[in-house]
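K.L.:
Taken in order, these protein sequences are the chains called S and V. Just so we're on the same page, the working numbering is the position in the first sequence counted from 1, plus 239. Just so we're on the same page, the working numbering is the position in the second sequence counted from 1, plus 88. Even for Gly, the Cβ is constructed at its ideal location relative to N, Cα and C. These figures come from a predicted structure and were not determined experimentally.
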Amino acid sequence: MNEYSGEDLEVVFPERRYEAIAKIMETAVRVRKERKWTFTDILDHVFLHRVLGIPIFLALLYAVFQFTFAISAPFSDMIDLSFGWLGSLAGANISNPMLASFVADGVCAGLGSVLVFIPPIFILFFALAILEDSGYLARAAFVMDRAMYKLGLHGRSFIPLITGFGCNIPAIMATRSIENENDRIITILVNPLMSCSARLPVYVLLAGVIFSTSYVAGAAVFSMYVLGIALAVMSALVFRKTLFRGKPAPFVLELPRYAVPGLKSVTLHMWERGKWFLIKAGTFIFAVVIVAWALSTFPWAATAGGELIENSYIAMFGHVIEPLFRPFGWNWQSAVALFFGFLAKEAVVGTFGALLGAEGEGVNIALANAHWFTPLSGFAYMVFVLIYFPCVATIGVMLKELRPRWVLFAAMYTLILAFVVASLVMAIGHLAGLA
Amino acid sequence: MITVALIGNPNVGKTELFNRLTGLKQHVGNWPGVTVEKKVGKCQYKGEELEIVDLPGTYSLTARAMDELIARNYIVEDKPDVVVDIVDGTNLERNLYLTLLLLELEANVVVALNQWDMVNERGIEIDVDKLSSLLGVPVVPTVATTGEGLEALKEAILTAARNKDRRRKIVIGYGDDLEALIKRVRDVIAKDTGLARKYPPRWLAIKALEHDEEVLKRLQDSPYWDEIRGVIPNK
Numbered sequence: 240m241n242e243y244s245g246e247d248l249e250v251v252f253p254e255r256r257y258e259a260i261a262k263i264m265e266t267a268v269r270v271r272k273e274r275k276w277t278f279t280d281i282l283d284h285v286f287l288h289r290v291l292g293i294p295i296f297l298a299l300l301y302a303v304f305q306f307t308f309a310i311s312a313p314f315s316d317m318i319d320l321s322f323g324w325l326g327s328l329a330g331a332n333i334s335n336p337m338l339a340s341f342v343a344d345g346v347c348a349g350l351g352s353v354l355v356f357i358p359p360i361f362i363l364f365f366a367l368a369i370l371e372d373s374g375y376l377a378r379a380a381f382v383m384d385r386a387m388y389k390l391g392l393h394g395r396s397f398i399p400l401i402t403g404f405g406c407n408i409p410a411i412m413a414t415r416s417i418e419n420e421n422d423r424i425i426t427i428l429v430n431p432l433m434s435c436s437a438r439l440p441v442y443v444l445l446a447g448v449i450f451s452t453s454y455v456a457g458a459a460v461f462s463m464y465v466l467g468i469a470l471a472v473m474s475a476l477v478f479r480k481t482l483f484r485g486k487p488a489p490f491v492l493e494l495p496r497y498a499v500p501g502l503k504s505v506t507l508h509m510w511e512r513g514k515w516f517l518i519k520a521g522t523f524i525f526a527v528v529i530v531a532w533a534l535s536t537f538p539w540a541a542t543a544g545g546e547l548i549e550n551s552y553i554a555m556f557g558h559v560i561e562p563l564f565r566p567f568g569w570n571w572q573s574a575v576a577l578f579f580g581f582l583a584k585e586a587v588v589g590t591f592g593a594l595l596g597a598e599g600e601g602v603n604i605a606l607a608n609a610h611w612f613t614p615l616s617g618f619a620y621m622v623f624v625l626i627y628f629p630c631v632a633t634i635g636v637m638l639k640e641l642r643p644r645w646v647l648f649a650a651m652y653t654l655i656l657a658f659v660v661a662s663l664v665m666a667i668g669h670l671a672g673l674a
Numbered sequence: 089m090i091t092v093a094l095i096g097n098p099n100v101g102k103t104e105l106f107n108r109l110t111g112l113k114q115h116v117g118n119w120p121g122v123t124v125e126k127k128v129g130k131c132q133y134k135g136e137e138l139e140i141v142d143l144p145g146t147y148s149l150t151a152r153a154m155d156e157l158i159a160r161n162y163i164v165e166d167k168p169d170v171v172v173d174i175v176d177g178t179n180l181e182r183n184l185y186l187t188l189l190l191l192e193l194e195a196n197v198v199v200a201l202n203q204w205d206m207v208n209e210r211g212i213e214i215d216v217d218k219l220s221s222l223l224g225v226p227v228v229p230t231v232a233t234t235g236e237g238l239e240a241l242k243e244a245i246l247t248a249a250r251n252k253d254r255r256r257k258i259v260i261g262y263g264d265d266l267e268a269l270i271k272r273v274r275d276v277i278a279k280d281t282g283l284a285r286k287y288p289p290r291w292l293a294i295k296a297l298e299h300d301e302e303v304l305k306r307l308q309d310s311p312y313w314d315e316i317r318g319v320i321p322n323k
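1. S/F252 touches chain V at which residues, Cβ-Cβ below 8 Å?
2. If we cut at 8 Å on Cβ distances, does S/V646 have a partner in chain V?
3. Please report the Cβ distance between S/S676 and S/M463, rounded to the nearest whole angstrom; I am assuming they are in contact, meaning their Cβ atoms lie under 8 Å.
4. Going by the beta-carbon positions, is the gap between S/H508 and S/E371 smaller than 8 Å?
5. Out of curiosity, what's the CA-to-CA distance linking S/N241 and V/R160?
6. Taking C-beta pairs closer than 7 Å, name the residues in chain V that S/A377 reaches, listed in chain order.
7. Just the chain V side, please: which residues come within less than 7 Å of S/T266 by C-beta, in chain order?
8. Roughly how many angstroms lie between the CA atoms of S/L470 and S/V290, to the nearest whole one?
9. What are the residues of the region 452-464 of chain S that lie near chain V, defined by any Cβ-Cβ distance shorter than 8 Å?
10. So with Cβ pairs under 8 Å, would you call S/A632 a contact of chain V?
11. So S/P495 contacts chain V; which residues on that side make the cut at Cβ distance below 7 Å?
12. Since S/G374 and S/A298 should fall inside the 8 Å C-beta cutoff, what is the C-beta to C-beta distance between them, to a whole number of angstroms?
13. Can you give the beta carbon distance from S/A343 to S/G330, rounded, assuming they're within the 8 Å contact cut?
14. Tell me the DSSP secondary structure of V/Q132 in three-state form.
15. When DSSP builds the beta bridges, which residues end up paired with V/K126?
16. Any idea which residues DSSP pairs S/A583 with across the strands?
17. Closer than 7 Å by beta-carbon distance: list the chain S residues that pair up with V/L184, in chain order.
18. Counting only C-beta atoms, is S/V270 closer than 8 Å to chain V at any point?
19. Would V/I174 and V/K271 qualify as a contact pair, given that the criterion is a beta-carbon distance under 8 Å?
20. Report the neighbours of V/L188 on chain S: residues whose CB is nearer than 8 Å to its CB, in chain order.
21. Output the boundary residues of the alpha helix (DSSP H) element that contains S/V441.
22. Can you tell me whether DSSP reads V/A200 as helix, strand or coil?
23. Does S/G599 have its Cβ less than 8 Å from a Cβ in chain V?
24. Counting only beta-carbon atoms, is V/L180 nearer than 8 Å to chain S?
25. At a Cβ threshold of 8 Å, is V/I163 touching chain S?
26. For V/R285, tell me which candidate among V/D169, V/V164, V/V319, V/T146 has the shortest Cα-Cα distance.
27. Whole alpha helix (DSSP H) runs in the region 199-269 of chain V with 4 or more residues, listed along the chain?
28. Would S/W571 be called buried (16 or more neighbouring beta carbons within 10 Å of its own) or exposed?
29. Check S/A380 in the structure and name its three-state DSSP category.
30. Within the same chain, show all residues whose beta-carbon is closer than 6 Å to that of S/P358, passing over the 5 residues directly before and after it, in chain order.
31. Please report how far the alpha carbon of V/L193 lies from the alpha carbon of V/P288, in whole angstroms.
32. Could you have a look at S/L577 and say whether DSSP puts it in helix, strand or coil?
33. List in chain order: all unbroken beta strand (DSSP E) runs of 3+ residues lying wholly within the region 124-195 of chain V.
34. Is S/G599 helix, strand or coil by DSSP?
35. With S/A267 and V/L222 assumed to form a contact (beta carbons below 8 Å), what rounded beta-carbon distance in angstroms separates them?
36. Listed from N- to C-terminal order along the chain, which residues in the region 126-160 of chain V have their beta-carbon within a distance smaller than 7 Å of any beta-carbon of chain S?
Here's what the structure looks like:
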């Protein structure tokens, strides 16, 4: 009776199941010999091509971003104009100056500057949902997997990484499908480097301000996503070689067939993901923006009702942390925005809105007129926002998934990496004579 | 109300089928204790209300991965009236593995043979009736992307729910040697009547022999643990 050891049994049971399946297949299924090429076969021949696969993926990603900005710009302008109009209306009609400042400079300027990103974020989700529902996203994952596996990374990691383009939180949750614990930890650690939709507003604002042609601005935004992927892959490689030695576990990826995405399903996907932005904007970002407004307006007498921001509490705080960022040529306002951006990355934009008190004109115009950034320092700022600190909500999810010391590690390495890469950008820019 | 769990390998069209069945009447929450998304929806069919729970997509039902454990625990503990196993007809061989595991769990399975249009396109001929009789459960061809076969699937769910206690329980044999081993373990486990009433004893026996951590943990609390341990070959 004891001809099997326990170890054998773990293998023998699945083997017998496959034998039973083979018998079922034999009796119930017949495959006709002359198999034709299906639509899926033809597309896969192109999309999964050994050499062209990755360039095709990057080209499609680029098209997604250009599509997003081209379509969303007029809608964003409409929201921008209406908040500007509401703000000036409030400024003119509310007699209590403190309340007028609160409504105009705080609520309308601050929140309005974040809400103009409803169109690009929803359209980005719409485009990603089309890629997903068409069956392409799994191919993209497969194509990248192949490259990553050669680098010693786990194949299944790329799906959570792509999810990170939407938001890092569901992406980190998606790592649960990775059975090997080391592979899973590495994937979580590098996930914040995938540029989530919350960072998009910052890029769009900055790129629009520092680059005059929309074509260059679009390319600059796209470069953030590529940089994020490159840094994630590189960091994962470093972690694999130092902290988690060993080989990644093998993986199997099943490719769904191609389908024409249904409008209903795509819209549902877009809404399910996009609604978090609305909820976040209405609660968390709103609160942060109000705090930023209050700190920039008080003490009320000294700032003359928010006119002289230099005398406000936020300026005092800004001047304390500003030296850290002086090498990059960022002023204290930008430093403060980074601080609030730790709470939610969209809050960087909201803080600019509140600090500039941009009524009647968009934050982008106000920021351009303020001349806070040169093209080089602005680009370095975008890079810094991409890399530094996962946002508070992401840290919260990481704490659920990892031991606290790994979460601390994630926070520290991203901060250091942000300084290093932003410095590199400045150095290369100076060498190239772009300063 | 009839509770229906949807399960299947990843990328077989499970989400599409869930959306087709429930429309916009969905509720998204978390599985208790973990941050894995749990989607529940409702649908009406012939005056019956069906509550549809979307289980995580998995290839297997081991205790090693979180999503597999969630799916398995739901079926074992919450005992849904019907478990719809969505199977990719173009990839039947791999997909049937999960089906066998579900049968082992003695779930009230209805197989949705999805991507039926592709099956024909690829020159695969599946004898649905034969497949159904071999598995001992209803098999319904569906196309989730177009909604084809959905009415038949709902009908099969309803029938399966009504005949829950009268269904034929088919046993996929593991061969004489293993069957003798399974029977020995099963007979010891069956002595613990409380345990045997809660979980299928044959399933417990197979899982114990496979050294499934979760099942072993449960068996350790049994007063017959020493005896059970005696009949399981060591690692």
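P.N.:
Checking against the coordinates, here is how it stands:
1. As a working mapping, residue 252 of chain S is identified with position 13 in the first sequence. Chain V residues near S/F252: Y262, L266, I294, L297, E298.
2. Along the first sequence, one-based indexing puts residue 646 of chain S at 407. So, not an interface residue.
3. The requested residue 676 of chain S is not part of the displayed model; chain S covers only 240 to 674.
4. Residue 508 of chain S sits at position 269 when you count from the first residue of the first sequence. Residue 371 of chain S sits at position 132 when you count from the first residue of the first sequence. Result yes, Cβ atoms of S/H508 and S/E371 sit closer than 8 Å.
5. Position 2 of the first sequence holds residue 241 of chain S. Position 72 of the second sequence holds residue 160 of chain V. With a pLDDT of only 49 at S/N241, under the threshold of 50, the placement of this residue in the model should not be trusted, and no figure is reported.
6. As a position in the first sequence, residue 377 of chain S is number 138, starting the count at 1. Around S/A377, the beta-carbon contacts reaching into chain V at under 7 Å are N99.
7. Here residue 266 of chain S refers to the residue found at position 27 of the first sequence. Within chain V, the residues near S/T266 are K218, L222.
8. Reading the first sequence from its first residue, position 231 is the one you call residue 470 of chain S. Reading the first sequence from its first residue, position 51 is the one you call residue 290 of chain S. Between the alpha carbons of S/L470 and S/V290 lies a gap of roughly 22 Å.
9. Of all residues in the region 452-464 of chain S, none has a Cβ within less than 8 Å of some Cβ in chain V.
10. The count along the first sequence starts at 1 and reaches residue 632 of chain S at position 393. Output row for S/A632: interface = no.
11. Locating residue 495 of chain S in the first sequence gives position 256, counting from the first residue. For a Cβ distance threshold of 7 Å, residue set N99 of chain V lies close to S/P495, ordered along the chain.
12. Taking the first residue of the first sequence as position 1, residue 374 of chain S is located at position 135. Taking the first residue of the first sequence as position 1, residue 298 of chain S is located at position 59. Actually they do not touch by this definition, with Cβ atoms about 18 Å apart.
13. As a working mapping, residue 343 of chain S is identified with position 104 in the first sequence. As a working mapping, residue 330 of chain S is identified with position 91 in the first sequence. Contact holds; Cβ gap of about 4 Å.
14. The residue labelled residue 132 of chain V in the question sits at position 44 within the second sequence. DSSP places V/Q132 in strand when its eight states are reduced to three.
15. Position 38 of the second sequence, counting from 1, holds the residue named residue 126 of chain V. V/K126 pairs with V/G117.
16. Start at 1 with the first residue of the first sequence, and residue 583 of chain S comes out as number 344. Paired residues: none, contrary to the question.
17. Mapped onto the second sequence, residue 184 of chain V falls at position 96. Annotation: Cβ neighbours of V/L184 in chain S (cutoff 7 Å, chain order): I260, I263.
18. Here the question's residue 270 of chain S lines up with position 31 in the first sequence. Yes, contact with chain V.
19. The residue you call residue 174 of chain V lines up with position 86 of the second sequence. The residue you call residue 271 of chain V lines up with position 183 of the second sequence. Going by C-beta atoms, V/I174 is not nearer than 8 Å to V/K271.
20. The count along the second sequence starts at 1 and reaches residue 188 of chain V at position 100. Contact of V/L188 with chain S by beta-carbon distance below 8 Å involves R256, A259, I260.
21. Looking up residue 441 of chain S in the first sequence gives position 202. Residue range 439-449 is occupied by the alpha helix (DSSP H) that includes S/V441.
22. Taking the first residue of the second sequence as 1, we reach residue 200 of chain V at position 112. Under the three-state reduction of DSSP output, V/A200 falls in the strand class.
23. Start at 1 with the first residue of the first sequence, and residue 599 of chain S comes out as number 360. Any reading at S/G599 must be qualified, since the residue scores a pLDDT of 44, below 50, and its modelled position is unreliable; no value is offered.
24. By 1-based counting over the second sequence, the position of residue 180 of chain V is 92. Under the 8 Å criterion on CB atoms, V/L180 is classed as interfacial with respect to chain S.
25. For the purposes of this step, residue 163 of chain V is taken as the residue at position 75 of the second sequence. Closer than 8 Å: no.
26. Residue 285 of chain V sits at position 197 when you count from the first residue of the second sequence. Checking every option, the nearest Cα to that of V/R285 belongs to V/V164.
27. Segments of the alpha helix (DSSP H) lying fully in the region 199-269 of chain V: 204-209, 216-223, 238-250.
28. Within the first sequence, the letter at position 332 stands for residue 571 of chain S. Classification for S/W571: buried.
29. Position 141 of the first sequence holds residue 380 of chain S. In this structure, S/A380 counts as helix in the three-state DSSP scheme.
30. Position 119 of the first sequence, counted from the start, is the residue given in the question as residue 358 of chain S. Once the five neighbours on either side are set aside, the close Cβ partners of S/P358 are S311, F314, S315.
31. Numbered from its first residue, the second sequence carries residue 193 of chain V at position 105. Numbered from its first residue, the second sequence carries residue 288 of chain V at position 200. Distance between the alpha carbons of V/L193 and V/P288: 7 Å.
32. For the purposes of this step, residue 577 of chain S is taken as residue 338 along the first sequence, with counting starting at 1. Here S/L577 carries a helix assignment [DSSP, helix/strand/coil].
33. Counting whole runs of 3 or more residues, the region 124-195 of chain V contains the beta strand (DSSP E) stretches 125-133, 136-142, 170-176.
34. Counting from one through the first sequence, the residue named residue 599 of chain S turns up at place 360. Residue confidence is low: S/G599 scores 44 on pLDDT, short of 50, so the model does not pin down where it sits. No coordinate-derived value is stated.
35. The residue you call residue 267 of chain S lines up with position 28 of the first sequence. The residue you call residue 222 of chain V lines up with position 134 of the second sequence. The pair is a contact, with the Cβ atoms about 6 Å apart (cut-off 8 Å).
36. Taking 7 Å as the Cβ-Cβ cut-off against chain S, the residues of the region 126-160 of chain V that qualify are R152, A153, M154, D155.
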